[in-house]
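Enquirer: Below is one structure. I have some questions about it.
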Amino acid sequence: MLAQLAPYDIALATPRAVRDAVYHHFAPVLARGAVETLAMRRPAQSARMYGPRWQRLSFIAGATALMLALLLAPSETVRGVTLLLGVVFVPVIGLRAVAAYGLMRQTEDTAPQSRVPDADLPTYTILAPLFREAHMLPSLVHALRQLDWPAAKLDIKLILEATDRETVAAARALSLPGNVEIVVVPVSARAPNRRR
Numbered sequence: 029m030l031a032q033l034a035p036y037d038i039a040l041a042t043p044r045a046v047r048d049a050v051y052h053h054f055a056p057v058l059a060r061g062a063v064e065t066l067a068m069r070r071p072a073q074s075a076r077m078y079g080p081r082w083q084r085l086s087f088i089a090g091a092t093a094l095m096l097a098l099l100l101a102p103s104e105t106v107r108g109v110t111l112l113l114g115v116v117f118v119p120v121i122g123l124r125a126v127a128a129y130g131l132m133r134q135t136e137d138t139a140p141q142s143r144v145p146d147a148d149l150p151t152y153t154i155l156a157p158l159f160r161e162a163h164m165l166p167s168l169v170h171a172l173r174q175l176d177w178p179a180a181k182l183d184i185k186l187i188l189e190a191t192d193r194e195t196v197a198a199a200r201a202l203s204l205p206g207n208v209e210i211v212v213v214p215v216s217a218r219a220p221n222r223r224r
C-alpha cells in the first residue's frame with residue numbers, strides 16, 4: 029500500500045493552510061462566481077440590475093409628481109407629506125411606548141428564563157468585512173471572543189480584500205481562535221464598488 033503512494037508528494041498541513049491554498053489557487057474562479065452567480069441565477073434579487081422597468085418608471089413618475097407639487101403648492105405638499113409620514117411613524121412610536129410601559133411594569137421577582145443548553149443553540153456565522161482597518165483587528169477579535177455564545181457554535185469570518193495587504197498581514201499575525209477564519213477576497217474587475 030505504501031509503495032503505491034511513493035510517486036505522490038504528501039504533506040501535513042493545518043486546515044487553515046489548506047483553505048488558504050485552495051483560495052489562492054482558485055481565486056479567479058471564486059471571484060467570478062461571487063460576482064456573477066446571483067445575477068445569472070436570480071437576476072431579480074441581484075443589485076446588478078436596477079429593478080424592473082415599471083419600478084424605475086414609477087419612481088421617476090413619483091419623484092416628478094412630488095417636485096411638481098412642491099413647485100405649485102409647497103405648503104399643501106409639505107402638509108400632505110407630513111401627514112403621510114405621520115400615518116406610518118405614529119403607530120411605530122405607539123408600539124414602542126407600549127413595550128416600554130410593559131418593561132417598566134415588570135416586577136423584579138419575575139423569574140429569569142433558564143439558559144438553553146449549548147448543544148441546543150444554533151450555529152451563527154458572523155461576517156466581518158474589513159478594509160484598511162488593521163488597527164481595529166485586535167479590539168474586534170477581543171470583542172468577538174467576549175460574545176456570550178459557545179465558541180463551537182460561532183463561525184466567524186474576517187473578510188479582507190487582497191489589495192489591503194496591511195490588514196491581511198495584521199490578521200495573519202494575530203493568534204486567532206479556531207472558529208475565526210480569514211477570507212481574503214481576490215481582486216475582480218467586475219466586483220461592485222467597495223468603500224474606499
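For the sequence shown, my numbering assigns the number 224 to the last residue and increments by one with no breaks.
Where is the CB? At the ideal position from N, CA and C, for every residue including glycine.
This one's a predicted model, so the numbers in the text were calculated from it and none came from an experiment.
Ends of the beta strand (DSSP E) at T151?
Expert: Mapped onto the sequence shown, residue 151 falls at position 123. From DSSP, T151 is part of no beta strand (DSSP E); its letter is neither H nor E.
Enquirer: Would you please state the rounded distance, in angstroms, between the beta carbons of L202 and P166? I believe it to be under 8 Å.
Expert: The residue labelled residue 202 in the question sits at position 174 within the sequence shown. The residue labelled residue 166 in the question sits at position 138 within the sequence shown. 7 Å between Cβ atoms; contact.
Enquirer: Could you name each continuous alpha helix (DSSP H) segment of 4 residues or more that falls completely within the stretch 87-148, going from the start of the chain to the end?
Expert: 102-133
Enquirer: Hey, how far is the Cα of Q174 from the Cα of I184?
Expert: Taking the first residue of the sequence shown as 1, we reach residue 174 at position 146. Taking the first residue of the sequence shown as 1, we reach residue 184 at position 156. Their Cα atoms are separated by approximately 13 Å.
Enquirer: Taking the alpha-carbon positions, what's the M95 to V106 distance?
Expert: Taking the sequence shown and counting its residues from 1, one reaches residue 95 at position 67. Taking the sequence shown and counting its residues from 1, one reaches residue 106 at position 78. If you take the alpha carbons of M95 and V106, they lie about 11 Å apart.
Enquirer: Cutting at 7 Å between CB atoms, please list the residues of its own chain near A199, excluding the five before and the five after it.
Expert: Within the sequence shown, numbered from 1, the residue matching residue 199 stands at position 171. Excluding positions up to five away in sequence, the list reads L165, L186, L188 and I210.
Enquirer: Tell me the DSSP secondary structure of E161 in three-state form.
Expert: Within the sequence shown, the letter at position 133 stands for residue 161. Looking at E161 - three-state DSSP - the assignment turns out to be coil, as it is neither helix nor strand.
Enquirer: Buried or exposed: which applies to D192, given that a residue is buried once 16 or more other Cβ atoms fall within 10 Å of its Cβ?
Expert: Numbered from 1 along the sequence shown, position 164 holds the residue referred to as residue 192. So D192 ends up on the buried side.
Enquirer: Could you pull out every residue in the same chain whose Cβ sits closer than 6 Å to the Cβ of V57, ignoring the five residues on either side in sequence?
Expert: Start at 1 with the first residue of the sequence shown, and residue 57 comes out as number 29. There are no such residues.
Enquirer: For T65, count neighbouring Cβ atoms within 10 angstroms of its own Cβ and tell me buried if that reaches 16, exposed if not.
Expert: As a first step, residue 65 is located in the sequence shown; it is residue number 37 there, counting from the start. With fewer than 16 other Cβ atoms within 10 Å, it is exposed.
Enquirer: With a threshold of 6 Å on Cβ separation, who are the neighbours of A236 within its own chain once the five nearest residues in sequence on each side are excluded?
Expert: Residue 236 cannot be examined here, being either before or after the span of the chain that is shown, 29 to 224.
Enquirer: For Y51 and V212, which I take to be in contact (beta-carbon distance under 8 Å), what is that distance rounded to the nearest angstrom?
Expert: The count along the sequence shown starts at 1 and reaches residue 51 at position 23. The count along the sequence shown starts at 1 and reaches residue 212 at position 184. The C-beta separation of Y51 from V212 comes to about 6 Å, placing the pair in contact by the 8 Å criterion.
Enquirer: Would you mind giving the Cβ-Cβ distance between R160 and T195, rounded to the nearest angstrom? I have them listed as a contact below 8 Å.
Expert: If you number the sequence shown from 1, residue 160 lands on position 132. If you number the sequence shown from 1, residue 195 lands on position 167. Correct: roughly 6 Å between the Cβ atoms.
Enquirer: Quick one: Cα of W177 to Cα of Q83, how far?
Expert: For the purposes of this step, residue 177 is taken as residue 149 along the sequence shown, with counting starting at 1. For the purposes of this step, residue 83 is taken as residue 55 along the sequence shown, with counting starting at 1. Cα to Cα, the separation comes out at about 42 Å.
Enquirer: For T151 and K181, which I take to be in contact (beta-carbon distance under 8 Å), what is that distance rounded to the nearest angstrom?
Expert: Position 123 of the sequence shown, counting from 1, holds the residue named residue 151. Position 153 of the sequence shown, counting from 1, holds the residue named residue 181. Contact holds; Cβ gap of about 5 Å.
Enquirer: Thinking just about the alpha-carbon of each residue, which of A179, Y129 and F54 is nearest to the one in L149?
Expert: As a working mapping, residue 149 is identified with position 121 in the sequence shown. The shortest Cα separation from L149 among A179, Y129 and F54 belongs to A179.
Enquirer: Return helix, strand or coil for D192, following the three-state DSSP convention.
Expert: As a first step, residue 192 must be located in the sequence shown, where it is residue number 164. Here D192 sits in coil by DSSP.
Enquirer: By a C-beta neighbour count over all protein chains shown, 10 Å radius and 16 as the cutoff for buried, is R224 buried or exposed?
Expert: On the sequence shown, position 196 is the one that residue 224 refers to. Note that R224 has pLDDT 49, beneath the 50 cutoff, so the model's placement of it is unreliable and no number is given.
Enquirer: Does the beta carbon of V213 come closer than 9 Å to any beta carbon on chain C?
Expert: Checking the listed chains, one finds no chain C in this structure; it contains a single protein chain.
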